[in-house]
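Engineer: Chains as they are written, first to last, in the working numbering: chain A, 174 to 363; chain B, 174 to 363; chain C, 174 to 363; chain D, 174 to 363. All residues carry an ideal CB built from backbone N, CA and C; glycine is no exception. Just so it is clear, the structure is predicted and the values come from calculations on it, not from any experiment.
Number of protein chains: 4
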Amino acid sequence: MTEGDEDEKDTGGEVDLGRVLALSDGVFAIALTLLVLDIRIPDEAHGEDFLRAMAGLEPAIAGYLISYLVIGVLWLAHHRLFRELRVRRARIMSLNMVLLALVALLPFPSSLLAKHGDEALSYAIYAGNVIAVFLIQSLIIAVSQRNGDITPKPGRFPRLGWYLQPISASAVFAVWAVVAITGHPGQANY
Amino acid sequence: MTEGDEDEKDTGGEVDLGRVLALSDGVFAIALTLLVLDIRIPDEAHGEDFLRAMAGLEPAIAGYLISYLVIGVLWLAHHRLFRELRVRRARIMSLNMVLLALVALLPFPSSLLAKHGDEALSYAIYAGNVIAVFLIQSLIIAVSQRNGDITPKPGRFPRLGWYLQPISASAVFAVWAVVAITGHPGQANY
Amino acid sequence: MTEGDEDEKDTGGEVDLGRVLALSDGVFAIALTLLVLDIRIPDEAHGEDFLRAMAGLEPAIAGYLISYLVIGVLWLAHHRLFRELRVRRARIMSLNMVLLALVALLPFPSSLLAKHGDEALSYAIYAGNVIAVFLIQSLIIAVSQRNGDITPKPGRFPRLGWYLQPISASAVFAVWAVVAITGHPGQANY
Amino acid sequence: MTEGDEDEKDTGGEVDLGRVLALSDGVFAIALTLLVLDIRIPDEAHGEDFLRAMAGLEPAIAGYLISYLVIGVLWLAHHRLFRELRVRRARIMSLNMVLLALVALLPFPSSLLAKHGDEALSYAIYAGNVIAVFLIQSLIIAVSQRNGDITPKPGRFPRLGWYLQPISASAVFAVWAVVAITGHPGQANY
Chain A
174 MTEGDEDEKD
184 TGGEVDLGRV
194 LALSDGVFAI
204 ALTLLVLDIR
214 IPDEAHGEDF
224 LRAMAGLEPA
234 IAGYLISYLV
244 IGVLWLAHHR
254 LFRELRVRRA
264 RIMSLNMVLL
274 ALVALLPFPS
284 SLLAKHGDEA
294 LSYAIYAGNV
304 IAVFLIQSLI
314 IAVSQRNGDI
324 TPKPGRFPRL
334 GWYLQPISAS
344 AVFAVWAVVA
354 ITGHPGQANY
Chain B
174 MTEGDEDEKD
184 TGGEVDLGRV
194 LALSDGVFAI
204 ALTLLVLDIR
214 IPDEAHGEDF
224 LRAMAGLEPA
234 IAGYLISYLV
244 IGVLWLAHHR
254 LFRELRVRRA
264 RIMSLNMVLL
274 ALVALLPFPS
284 SLLAKHGDEA
294 LSYAIYAGNV
304 IAVFLIQSLI
314 IAVSQRNGDI
324 TPKPGRFPRL
334 GWYLQPISAS
344 AVFAVWAVVA
354 ITGHPGQANY
Chain C
174 MTEGDEDEKD
184 TGGEVDLGRV
194 LALSDGVFAI
204 ALTLLVLDIR
214 IPDEAHGEDF
224 LRAMAGLEPA
234 IAGYLISYLV
244 IGVLWLAHHR
254 LFRELRVRRA
264 RIMSLNMVLL
274 ALVALLPFPS
284 SLLAKHGDEA
294 LSYAIYAGNV
304 IAVFLIQSLI
314 IAVSQRNGDI
324 TPKPGRFPRL
334 GWYLQPISAS
344 AVFAVWAVVA
354 ITGHPGQANY
Chain D
174 MTEGDEDEKD
184 TGGEVDLGRV
194 LALSDGVFAI
204 ALTLLVLDIR
214 IPDEAHGEDF
224 LRAMAGLEPA
234 IAGYLISYLV
244 IGVLWLAHHR
254 LFRELRVRRA
264 RIMSLNMVLL
274 ALVALLPFPS
284 SLLAKHGDEA
294 LSYAIYAGNV
304 IAVFLIQSLI
314 IAVSQRNGDI
324 TPKPGRFPRL
334 GWYLQPISAS
344 AVFAVWAVVA
354 ITGHPGQANY
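1) Does the beta-carbon of C/Phe346 have 16 or more other beta-carbons within 10 angstroms, so that it is buried, or is it exposed?
2) Could you tell me the alpha carbon to alpha carbon distance between D/Ser197 and C/Ala202, rounded to whole angstroms?
3) Are the beta-carbon atoms of B/Val276 and B/Ile244 separated by less than 8 Å?
4) For C/His252, which residues in chain D fall below 7 Å Cβ to Cβ?
5) At a Cβ cut of 7 Å, what residues of the region 192-206 of chain C count as close to chain B, listed as they run along the chain?
6) Can you say whether A/Gly191 is buried or exposed, counting buried as having 16 or more other CB atoms within 10 angstroms of its CB?
7) Just to confirm, is the Cβ distance from B/Pro280 to B/Leu230 under 8 Å?
8) Can you confirm whether C/Leu268, when its beta carbon is compared against all beta carbons of chain B, has any partner nearer than 8 Å?
9) What is the DSSP secondary structure of C/Lys326, counted as helix, strand or coil?
10) Based on Cα-Cα distance, which residue from B/Leu286, B/Ala293, B/Leu205 lies nearest to B/Ala233?
11) Could you confirm whether any beta carbon from chain C is found closer than 8 Å to the beta carbon of B/Val306?
12) State the DSSP-derived secondary structure class of D/Asp216, mapped to helix, strand or coil.
13) Please give me, in chain order, every unbroken run of the alpha helix (DSSP H) with length at least 4 that falls completely inside the region 200-280 of chain A.
14) Measure from the C-beta of D/Val209 to each C-beta in chain A and report whether the shortest distance is under 8 Å.
15) Alpha helix (DSSP H) containing B/Gly301: first to last residue?
16) Does the beta carbon of C/Ala226 sit closer than 8 Å to a beta carbon anywhere in chain B?
17) Taking 8 Å as the cut-off, does the region 249-265 of chain A touch the region 326-342 of chain B (at least 3 CB pairs, one atom from each stretch)?
18) In angstroms, rounded to a whole number, what distance separates the CA positions of C/Val352 and D/Ala195?
19) Along chain B, which residues have their Cβ under 7 Å away from the Cβ of A/Phe223?
20) What does the alpha-carbon distance come out to for the pair B/His251 and A/Leu238?
21) When the cut-off is 8 Å and only beta carbons count, does A/Asp429 lie next to chain B?
22) With distances taken between CB atoms, is the gap from C/Phe369 to C/Pro282 smaller than 8 Å?
23) Here's a check: name, in chain order, each residue in its chain whose Cβ is nearer than 7 Å to the Cβ of C/Glu217, leaving out the five neighbours to either side.
24) Would D/Ile309 and D/Leu272 be called neighbours here (beta carbons separated by less than 8 Å)?
25) Answer with yes or no whether the minimum CB distance from C/Ser341 to chain B is below 8 Å.
26) What is the DSSP secondary structure of B/Leu285, counted as helix, strand or coil?
27) Listing by chain order, which chain C residues have their CB less than 9 Å from the CB of B/Trp349?
28) If distances are taken between C-alpha atoms only, which option among A/Met266, A/Val246, A/Leu337 comes closest to D/Arg253?
29) Is it right to say D/Ser343 is buried, meaning 16 or more other beta carbons lie within 10 angstroms of its own, or is it exposed?
30) Please name the residue, chosen from B/Asp189, B/Ile214, B/Arg225, B/Arg262, that lies closest to B/Asn320 on a Cα-to-Cα basis.
31) Do we get a CB-CB distance below 8 Å when we pair C/Tyr241 with the residues of chain D?
32) May I ask which residues mark the beginning and end of the alpha helix (DSSP H) holding C/Pro339?
33) Express the C-alpha separation of B/Ser341 and B/Gly334 in angstroms, rounding to a whole number.
34) Just to check my reading of the structure: D/Asp211 and D/Lys288 have Cβ atoms closer than 8 Å, yes? What is that Cβ distance to the nearest angstrom?
35) Against chain A, which members of the region 316-332 of chain D pass a CB distance test of less than 9 Å?
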């Protein structure tokens with residue numbers, strides 16, 4: 174407890190969790206909604222060109238779905254974690270700002286994937302950004318567990334329970350990126 | 174109740190409805206506000222060109238009004254449904270994320286309608302997106318009714334009362350799309 | 174009271190004012206923030222061109238300040254009105270959605286003013302949009318006063334007190350538009 | 174107290190702090206999220222061009238990180254200040270609207286820095302915008318201290334404690350801008 178108190182004293186008292194979550198939900202909502210801006214066809218496409226442009230939207234729409242799913246999963250994880258948090262530590266709030274920076278960045282690799290899906294680097298950057306979010310999430314879990322701020326998950330490995338989702342999701346993205354990059358027509362560039 | 178409890182156990186406890194609604198309202202507000210980005214004229218239009226560009230904005234403004242009305246109606250329906258929900262099931266929250274994905278997607282068909290109103294496909298995609306939202310809304314109603322989470326609407330068909338709005342609105346959009354596509358100068362393309 | 178109850182029965186019960194205000198604040202915040210997107214210079218401007226482009230931003234920055242002030246004043250008026258509302262009528266909530274549609278539209282005339290300030294029509298459309306918002310605000314006041322939902326303002330004309338701000342602000346914008354249009358180099362177009 | 178009461182009477186009663194903070198958090202969240210829009214490469218860049226475009230993103234990403242940090246720090250300062258405010262004065266709320274205008278403007282100098290980092294003027298405008306935010310923050314502190322609305326910070330200079338962060342941050346930005354401008358290859362333009 175003493176350390177936690179110090180944490181809070183450092184930054185001038187208790188944290189207003191309501192505003193932290195309002196800012197977080199705002200960033201998640203905008204990141205979710207900006208994704209649609211990558212689904213677009215040229216204004217001057219008509220007739221055959223229009224149909225070709227629409228058919229060519231497939232990677233953009235796939236990118237939208239993947240990124241929406243990713244940000245949705247990240248939000249659900251954020252929601253579950255902060256619901257359990259019993260103490261509002263300034264250190265956690267700083268880590269939350271780093272997490273939000275990485276979430277707000279996600280439209281960039283998402284746009285890369287939609288428009289430059291033929292480049293292996295796009296997959297690496299996308300996976301890197303997502304895994305970085307899970308890393309910060311794991312850091313928040315680690316700090317919270319060390320301070321006893323969250324209840325261990327029931328099961329055989331109570332301390333590891335909270336890490337299960339970020340670690341497995343990170344593994345999925347790492348494998349996805351490796352498969353995409355190695356099986357990629359454009360990998361000769363690297 | 175047992176199933177509901179299981180639902181919640183699966184995802185680690187009770188859902189914080191406040192944050193779910195904050196995220197939902199954020200997505201609706203941004204979708205409403207992004208629509209205006211399609212109403213624009215070229216920067217370099219002056220004099221006669223400016224007046225012609227302004228006159229040519231008619232479909233973009235019509236698209237803005239239709240899409241605003243659609244998202245407004247969807248938000249009102251969302252607001253009424255979630256106000257009545259007595260139990261906060263994880264399954265409903267997942268369906269809500271799917272619904273939000275479809276709402277966040279709406280600026281794309283709205284932009285298609287504004288800029289490619291001469292293509293029949295634009296109407297089909299627009300109606301498809303809107304009807305998909307109503308479908309998910311009906312699914313949320315169905316799951317909630319089966320679990321007894323919402324009070325039946327008064328009237329002769331209490332169980333059907335909740336479906337009246339999504340079904341009739343879907344029918345309106347289906348008819349609108351069929352009329353627009355069949356009566357369309359560009360339908361020869363299909 | 175009977176009419177109010179009918180109003181609410183029509184739309185299925187009491188309105189959740191919290192969500193109405195969350196959506197409203199979201200739309201206002203996004204409209205305020207989208208304005209900055211009109212302040213931009215070409216990516217390829219360097220050296221002399223850069224300085225010329227920066228100097229040419231003056232109308233865009235003036236437009237930003239005016240539009241920010243307008244949306245800020247509209248938000249303050251919205252905030253004061255809804256704070257006083259004792260009953261949550263569905264009719265008021267529908268009028269609020271119309272008001273938000275007009276607020277969400279404001280970035281368009283604001284962009285016109287920033288980029289096409291040499292066209293008289295831009296001023297007319299800008300003033301028209303702002304005055305339309307004040308008109309809907311006056312309608313909300315009228316409906317609320319008729320139902321006795323808001324306390325009359327103190328002063329000699331208690332029923333008129335609430336209209337003072339929207340009417341005087343509308344007059345300012347009407348005069349501003351007339352001055353801008355008649356004293357305008359481009360008015361020969363009309 | 175008398176003056177505060179007058180303040181509030183001028184604008185028609187007590188301020189709904191919840192909505193003021195909701196609007197503020199919305200503006201901060203959108204300003205944070207719009208920053209990512211400057212990190213983009215041309216759609217048509219492929220192969221070598223793609224890698225070159227990605228490598229050329231370094232200033233854009235540096236700009237994103239700096240601006241995110243700046244807006245994050247501004248939000249934390251806003252959050253700490255408004256948490257301590259005991260009285261909700263209309264004057265403070267007006268100053269808050271000015272502060273939000275400057276926060277909503279930040280994506281513009283941030284974009285300048287990302288795309289025109291070779292121009293000394295970009296640094297001056299960026300620092301000017303940030304220092305202007307800290308100035309308004311100091312004004313809010315000054316008004317609040319004069320009215321006794323915030324508790325003095327503990328320490329040797331209790332009245333100055335609140336100014337420590339805005340003054341030191343402003344100094345950092347002033348020095349940063351001077352160093353960037355004087356040590357700049359493009360300073361011959363001035």
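Structural biologist: Well, looking at it:
1) The residue given as residue 346 of chain C occupies position 173 in the third sequence. By the 10 Å Cβ count, C/Phe346 comes out buried.
2) The sequence position of residue 197 of chain D within the fourth sequence is 24, counting from 1. The sequence position of residue 202 of chain C within the third sequence is 29, counting from 1. For D/Ser197 and C/Ala202, the distance between alpha carbons rounds to 8 Å.
3) Residue numbering aside, residue 276 of chain B sits at position 103 when the second sequence is read from its first letter. Residue numbering aside, residue 244 of chain B sits at position 71 when the second sequence is read from its first letter. Yes, they are a contact pair.
4) One-based indexing of the third sequence puts residue 252 of chain C at position 79. For C/His252, the chain D residues whose Cβ falls inside 7 Å of its Cβ are Asp189, Arg192, in order along the chain.
5) Taking 7 Å as the Cβ-Cβ cut-off against chain B, the residues of the region 192-206 of chain C that qualify are Arg192, Ala195, Leu196, Gly199, Val200, Ile203, Ala204.
6) Stepping through the first sequence from its first residue, residue 191 of chain A is reached at position 18. By the 16-neighbour rule on beta-carbons within 10 angstroms, A/Gly191 is exposed.
7) The residue you call residue 280 of chain B lines up with position 107 of the second sequence. The residue you call residue 230 of chain B lines up with position 57 of the second sequence. No, these two residues do not count as a Cβ contact at 8 Å.
8) Looking up residue 268 of chain C in the third sequence gives position 95. False, the Cβ-Cβ gap to chain B never drops below 8 Å.
9) Position 153 of the third sequence holds residue 326 of chain C. In the structure shown, C/Lys326 sits in coil (DSSP, three-state: anything other than H, G, I, E or B).
10) Here the question's residue 233 of chain B lines up with position 60 in the second sequence. The shortest C-alpha separation from B/Ala233 is found at B/Leu286.
11) The count along the second sequence starts at 1 and reaches residue 306 of chain B at position 133. Not closer than 8 Å to any Cβ of chain C, the Cβ of B/Val306 fails to qualify, so no.
12) As a first step, residue 216 of chain D must be located in the fourth sequence, where it is residue number 43. In the structure shown, D/Asp216 sits in coil (DSSP, three-state: anything other than H, G, I, E or B).
13) If we require 4 residues or more, the alpha helix (DSSP H) runs fully inside the region 200-280 of chain A come out as 221-228, 231-257, 263-278.
14) Position 36 of the fourth sequence, counted from the first residue, corresponds to residue 209 of chain D. By this cut-off, D/Val209 is an interface position.
15) Residue numbering aside, residue 301 of chain B sits at position 128 when the second sequence is read from its first letter. DSSP places B/Gly301 inside the alpha helix (DSSP H), whose first and last residues are 293-319.
16) By one-based count along the third sequence, residue 226 of chain C stands at place 53. It does not; no Cβ of chain B falls within 8 Å.
17) Taking 8 Å as the limit for Cβ pairs, the verdict is that the region 249-265 of chain A does not touch the region 326-342 of chain B.
18) Position 179 of the third sequence, counting from 1, holds the residue named residue 352 of chain C. Position 22 of the fourth sequence, counting from 1, holds the residue named residue 195 of chain D. A direct Cα-Cα distance of roughly 37 Å separates C/Val352 from D/Ala195.
19) In the first sequence, the residue the question calls residue 223 of chain A occupies position 50. By Cβ distance, chain B contributes His289, Glu292.
20) Within the second sequence, numbered from 1, the residue matching residue 251 of chain B stands at position 78. Within the first sequence, numbered from 1, the residue matching residue 238 of chain A stands at position 65. So the alpha carbons of these two residues sit roughly 22 Å apart.
21) Outside the displayed range of chain A (174 to 363) lies residue 429 of chain A, so it cannot be described from this structure.
22) What is shown of chain C runs 174 to 363, which leaves residue 369 of chain C out entirely.
23) Position 44 of the third sequence, counted from the start, is the residue given in the question as residue 217 of chain C. Once the five neighbours on either side are set aside, C/Glu217 has no close Cβ partner at all.
24) Locating residue 309 of chain D in the fourth sequence gives position 136, where the first residue counts as 1. Locating residue 272 of chain D in the fourth sequence gives position 99, where the first residue counts as 1. Taking the C-beta atoms as reference points, D/Leu272 is found nearer than 8 Å to D/Ile309.
25) The residue you call residue 341 of chain C lines up with position 168 of the third sequence. The C-beta of C/Ser341 comes no closer than 8 Å to any C-beta of chain B.
26) One-based indexing of the second sequence puts residue 285 of chain B at position 112. In the structure shown, B/Leu285 sits in a helix (DSSP, three-state: H, G or I).
27) Here residue 349 of chain B refers to the residue found at position 176 of the second sequence. In chain order: nothing, as chain C lies at least about 20 Å away.
28) By one-based count along the fourth sequence, residue 253 of chain D stands at place 80. Comparing Cα positions, the closest option is A/Met266.
29) Here residue 343 of chain D refers to the residue found at position 170 when the fourth sequence is read from its first residue. Note on D/Ser343: 16 or more other CB atoms within 10 angstroms of its CB, so buried under the neighbour-count rule.
30) For this step, residue 320 of chain B is matched to residue 147 along the second sequence. Distance check between B/Asn320 and each of B/Asp189, B/Ile214, B/Arg225, B/Arg262 places B/Arg262 closest, using alpha-carbon atoms only.
31) Translated into positions along the third sequence, residue 241 of chain C becomes position 68. Interface residue, yes.
32) Here residue 339 of chain C refers to the residue found at position 166 of the third sequence. C/Pro339 -> alpha helix (DSSP H) spans 337-355.
33) Within the second sequence, numbered from 1, the residue matching residue 334 of chain B stands at position 161. Within the second sequence, numbered from 1, the residue matching residue 341 of chain B stands at position 168. Taking the Cα positions, B/Gly334 is about 11 Å away from B/Ser341.
34) In the fourth sequence, the residue the question calls residue 211 of chain D occupies position 38. In the fourth sequence, the residue the question calls residue 288 of chain D occupies position 115. That belief holds up - the Cβ atoms of D/Asp211 and D/Lys288 are roughly 7 Å apart, short of 8 Å.
35) Within the region 316-332 of chain D, the residues whose Cβ lies closer than 9 Å to some Cβ of chain A are Lys326, listed in chain order.
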